[in-house]
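Q: Right, I'll just put the structure down here and ask away after.
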Amino acid sequence: MSDSRSEDEAAIQAVLVDSYKAWEAGDADGMVANYTADATAIMAGSLRDSREVIRQNMTLGFEGPLKGSSTYNKQLSIRFVGRDGAIVISESAILFAGETEIPDDLRKVNATWVLEKRDGQWLIAAYHNSPVVAPGQ
C-alpha cells in the first residue's frame, strides 16, 4: 500500500467541489448529499445539528437571501487525522446574485471542514466558519 494520500486528497476536493456546485445551482439536496446524517454546521452564531437541519436551512436560504448566489473558496490546507479523518481549512465568501468578486474582506470567512471516510467514501462530518477580519480590526 502506498503512503501517498493523493487519491484521498482528490476525493475530498471532489466532495467539496460538488457541494460548491450544488450551492451555485441552489440545490440544497445536492449540497448536503455528501454530508453524514449526523453532520454539524456552525455559522454566524447558529448550530445546525444534522444533515436534515442543514438541508432545511439551505433550502430556505436558496429561496430567499441566497437565491442566485455562489461561493468563493480557496483551500488553504488539508491535514489527515488517522486513516479515516481529514481537516480542510479554506477561505470562503458568499457572492450574492450579480456579484463576480467579493467586495471586501469583511465578507470572507476562514472555514474548517471535518471529513470522515465511511465505507470507502469521504463525507463532510462538520463545518464551522469565522470571519477573516474581526469587526473593529
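Under the numbering used here, think of the first position of the sequence shown as 2, with each following residue one higher.
Cβ atoms here follow ideal geometry from the backbone N, Cα and C, with glycine treated the same way.
So for Asn35, helix, strand or coil by DSSP?
A: Taking the first residue of the sequence shown as position 1, residue 35 is located at position 34. Note: Asn35 maps to coil in three-state DSSP.
Q: Closest to Asn111 by CA distance: which of Ala23, Gln76, Gly31 is it?
A: Here residue 111 refers to the residue found at position 110 when the sequence shown is read from its first residue. Nearest C-alpha to Asn111: Gln76.
Q: Helix, strand or coil: how does DSSP classify Lys118 here?
A: Taking the sequence shown and counting its residues from 1, the one referred to as residue 118 is at position 117. In this structure, Lys118 counts as strand in the three-state DSSP scheme.
Q: When burial is assigned at 16 or more other CB atoms within 10 Å of the CB, is Ser7 buried or exposed?
A: Against the sequence shown, residue 7 aligns to sequence position 6. Answer is exposed; the Cβ neighbour count stays below 16.
Q: For Leu96, which beta-bridge partners are listed by DSSP?
A: By 1-based counting over the sequence shown, the position of residue 96 is 95. According to DSSP, Leu96 bridges with Ser71.
Q: Could you check if Ala94 is buried or exposed, using at least 16 other CB atoms within 10 Å of its CB as the buried criterion?
A: Numbered from its first residue, the sequence shown carries residue 94 at position 93. Buried, because 16 or more other Cβ atoms sit within 10 Å of the Cβ of Ala94.
Q: How many Å lie between Ala127 and Ala42 at the Cα?
A: On the sequence shown, residue 127 is found 126 positions in, with the first residue counted as 1. On the sequence shown, residue 42 is found 41 positions in, with the first residue counted as 1. Rounded to the nearest angstrom, the two C-alpha atoms are 6 Å apart.
Q: May I ask you to list the residues that DSSP assigns as paired with Pro132?
A: Here residue 132 refers to the residue found at position 131 of the sequence shown. Answer is Val110.
Q: Determine the direct distance from the alpha carbon of Met32 to that of Tyr21, and round the result to whole angstroms.
A: Here residue 21 refers to the residue found at position 20 of the sequence shown. Here residue 32 refers to the residue found at position 31 of the sequence shown. Tyr21 and Met32: Cα-Cα distance of roughly 7 Å.
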